[in-house]
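A short write-up of the structure that comes next.
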Amino acid sequence: MSTTTTTNTTNTTTAKRRARTASLAERVGAADWTALADELDTLGCALTPRLLSPADCRDLIALYDRPSRFRSTIDMARHRFGSGQYRYFADPLPEPVRALREAFYPHLLRTARDWADKLGRPAPWPDTLGEWLTLCHEAGQAKSSQILLRYGAGDWNALHRDIFGDMVFPLQVVIGLDEQGTDYTGGEFLLVEQRPRAQSRGTTTVLPQGHGLIFTTRDRPVRSARGWSAGPVRHGVSTVRSGQRHSLGLVFHDA
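As structure tokens, this is what we get:
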């Protein structure tokens, strides 16, 4: 292959990657962010429109069987996290994962700062994801926290929070990669909020293929007679009854 042909092929590939990245950013930006913010304020979670095509989803699922793309694999049963498996992506992240994370951050930042103001907490998050990740790394949180999850029949995920240190972003996103009812049954996303001086409230969500669910990382502001208080929230996945379920987890602080 000539140098000219190689250069043209490289330029074409780069152009396609840039177009795909721009497309993902446009899809995220086209969501009704006012409505999503209102739903986050009310429920602590909000479902986005479709962000990934079925082909995009299949491409991400295929990465699971390429161990070199990941820094570690977690067996949930071994750690008593539930049953199933997930893998932390290694750096550099796959382009769709990187692009989605960067596209979501500025939109989620508005809610993050609003919640911090209501709860009287510091809002240490800069305007860009890159600046924020630099702060995470300087604080000793330098490992990729983006995950690809795989559940089979009988697998589930215990209620938990994804907090790896002092540097925490209060919102994260999970994207469904399979079609519920066709590829798997069961496996609903669970969100349980501990209400002040009251019994907990649970919310279940079926993740449509290619759609993202934004949800709170650890707590959210809840209005009380004295103003605002923090309502602790945990998340998990109900038992998968049949088939295989994959999802992509986007966390906005590193581990």
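Sequential numbering from 1010 applies to the sequence shown in our numbering.
From the three backbone atoms N, C-alpha and C, an ideal C-beta is built for every residue, glycine too.
When DSSP states are grouped into helix, strand and coil, Tyr1114 belongs to the helix group. Tyr1160 places its beta carbon less than 8 Å from that of Val1246. Membership of Arg1067 in the alpha helix (DSSP H) is indicated by the continuous run 1063-1072. Assigned with DSSP and collapsed to three states, Trp1134 falls in coil, not helix or strand.
Contact between the stretch 1148-1168 and the stretch 1128-1138 is absent, with fewer than three C-beta pairs closer than 8 Å.
Judged by beta-carbon spacing, Val1183 lies within the 8 Å limit of Leu1257, meaning their Cβ atoms are closer than that value. Each residue's CA atom was taken as its position, placing Val1106 and Gly1221 some 12 Å apart. At least 8 Å separates the beta-carbon of Phe1178 from that of Phe1079. Within the same chain, Ala1040 come within 6 Å of Pro1058 by CB-CB distance, once the 5 residues on both sides are set aside. Arg1089 and Thr1082 have their alpha carbons spaced roughly 14 Å apart. Per DSSP, Glu1202 is one residue of the beta strand (DSSP E) stretching across 1198-1202.
If you look at Leu1052, you'll find it in the alpha helix (DSSP H) that goes 1042-1052. Between the stretch 1223-1238 and the stretch 1122-1132, the count of C-beta pairs closer than 8 Å reaches three or more; the two stretches touch.
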